[in-house]
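First the structure, in the form of structure tokens, and then the observations on it.
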Amino acid sequence: MIEQTDISYEKTVLIGLVTQYQDEEKAQEYLDELEFLAFTAGGEVLKRFTQKLDVPNPKTFIGTGKLEEVKNYVEEHGVGVVIFDDELSPSQQKNIQRELDCKVLDRTNLILDIFAQRAQTSYARTQVELAQYQYLLPRLAGMWTHLERQRGGIGMRGPGETEIETDRRIVRDRIALLKDKLKKIDRQMDVQRGNRGSLVRVALVGYTNVGKSTLMNVISKSDVFAENKLFATLDTTVRKVVIGNLPFLLTDTVGFIRKLPTQLVESFKSTLDEVREADLLLHVVDISHPSFEHHIDSVNKILEEIGSADKPIIMVFNKIDAYEAEEIEEDDLMTEKTKAHYTLEEWRQTWMAKLNGDAIFISALNKENFNEFRKLVYDKVKEIHTTRFPYNSFLYDEYTEED
């Protein structure tokens with residue numbers, strides 16, 4: 001039994017921008033996600049600040065008046081961390097930190113911090129460490145605040161700049177070392193993937209916290225770590241699964257997220273290779289999330305970037321037990337029906353028509369519609385299996401499964 005532990009959360013405020021490319025609604029949606037990220041990292045969000053700007057202020061990201069407002073709030077409430085929804089330049093981070101006199105993070109930094117917490121294996125830790133160093137390198141000068149007291153002139157020429165240069169060289173050497181280490185591990189992973197024999201490979205993909213690991217546990221009867229937090233899974237898990245008379249390999253991969261840092265996409269190349277080499281993708285979607293269609297677009301964009309958008313895909317709409325449609329009163333003649341008012345049946349008809357039946361609505365937690373899901377996966381895997389290995393016999397002659 002797990003012992004109960006008291007977790008102390010850091011007081012946090014969030015800051016986002018409303019721009020010409022990001023309206024108020026979208027900005028709030030991103031801040032909702034940022035709040036969940038902050039909670040996952042161990043932060044308690046006290047307040048959100050938003051500002052309308054055409055473009056971010058090149059010096060302080062937000063305007064000076066808004067920065068003063070944030071500063072007053074931080075001092076008044078003893079806030080320890082200020083998190084910005086977009087990536088800050090090294091100079092912006094340095095200027096804001098000097099003004100607020102507390103920890104200043106951006107979305108990238110926060111995601112890297114969560115990844116560092118979640119990394120379990122040596123491989124995942126190496127990937128995260130590489131991404132962290134790549135993020136850190138251009139920001140080293142801003143971290144040497146004690147050197148700002150130095151002044152030029154006779155007797156004042158110190159080794160400060162040399163010290164920064166030494167650190168930069170150490171970081172660059174470390175990056176080169178980690179890249180070599182990852183190349184070596186990648187080669188090992190390639191050999192492992194090559195040794196998996198003539199089995200069809202199926203990969204679970206999707207946005208973070210949509211229930212991929214829960215689904216993996218239910219299908220493969222394994223015990224992959226699953227939790228209602230972002231990025232609960234970092235390490236790729238591969239399990240051999242048998243449905244009926246057909247064995248195949250199922251892979252659980254890291255979840256995607258909007259504004260995913262480029263350093264992480266590069267570092268997690270090998271994890272994404274599992275997706276690239278898969279024969280079938282199960283795109284898991286949390287249908288109970290109000291922005292699930294945006295999540296689908298984000299995942300499809302990343303699949304396109306890694307060259308996997310043309311693979312056979314089954315859309316798995318999970319968490320139907322948590323889905324609630326907005327209702328319109330019978331006597332309400334003013335409210336226009338939108339997608340927020342769709343019932344599950346209406347969503348089912350919409351996506352079934354769009355995907356020619358390659359969609360299923362389930363609850364992995366309650367195993368709802370689970371036999372239909374297994375049958376759909378079985379049919380798809382069998383189609384690939386018989387095409388690729390026409391002389392490869394199955395475990396048994398025919399697939400029959402009783403409820």
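The opening residue of the sequence shown carries number 1 in full-length UniProt numbering; numbering runs sequentially from there. Yeah, the Cβ is synthetic: ideal placement off N, Cα and C, and Gly gets one too. Only a predicted model underlies this, so the values are computations on that prediction, with no experimental measurement involved.
By the 10 Å Cβ neighbour count, where 16 or more other Cβ atoms means buried, how is residue i classified, buried or exposed?
i      : result
Asp101 : exposed
His77  : exposed
Ile360 : buried
Gln150 : Low local confidence applies: a pLDDT of 47 at Gln150 is under 50, so the model's placement there is unreliable, with the coordinate-based value given in what follows. It is exposed - the Cβ of Gln150 has fewer than 16 other Cβ atoms within 10 Å.
Ala27  : buried
Ala176 : exposed
Gln134 : buried
Could you give the residue range of the beta strand (DSSP E) that holds residue i?
i           : result
residue 466 : Residue numbering for the chain in the displayed model covers 1 to 403; residue 466 lies beyond these limits and cannot be assessed.
Glu10       : 10-18
Hey, how far is the Cα of residue i from the Cα of residue j?
i      : j      : result
Leu178 : Arg125 : 10 Å
Leu17  : Thr50  : 5 Å
Arg201 : Thr251 : 8 Å
Asp358 : Glu33  : 29 Å
Glu24  : Ala203 : 36 Å
Arg374 : Val81  : 46 Å
Ser363 : Met189 : 32 Å
Asp54  : Gly206 : 32 Å
Thr12  : Asn72  : 14 Å
Asp379 : Leu281 : 14 Å
Leu246 : Thr387 : 14 Å
Lys311 : Arg48  : 40 Å
Ile287 : Asn209 : 12 Å
Leu303 : Thr236 : 17 Å
Leu110 : Phe248 : 36 Å
Leu376 : Asn369 : 11 Å
Ile306 : Leu355 : 22 Å
Looking at the ligand GTP, does it come within less than 7 Å of residue i, judged from the CB to the closest heavy atom?
i      : result
Val284 : Only the bare structure without any ligand can be found here, which leaves the ligand GTP out of the picture.
What are the boundary residues of the alpha helix (DSSP H) that residue i is part of?
i           : result
residue 418 : Residue 418 is absent from the model: the chain starts at 1 and stops at 403.
Ala131      : 122-136
Asp101      : Counting along the chain, Asp101 falls outside any alpha helix (DSSP H), and DSSP gives it neither H nor E.
Arg201      : Not the alpha helix (DSSP H): Arg201 falls in the beta strand (DSSP E), residues 200-206.
Thr350      : 344-355
Helix, strand or coil for residue i, going by three-state DSSP, please let me know.
i      : result
Ser298 : helix
Ser363 : strand
Ile314 : strand
Pro247 : strand
Glu368 : strand
Asp358 : coil
List the residues that DSSP assigns as beta-bridge partners of residue i.
i      : result
Arg48  : Leu14
Phe61  : Asn57
His283 : Val205, Met315
Ile83  : Leu14, Leu105
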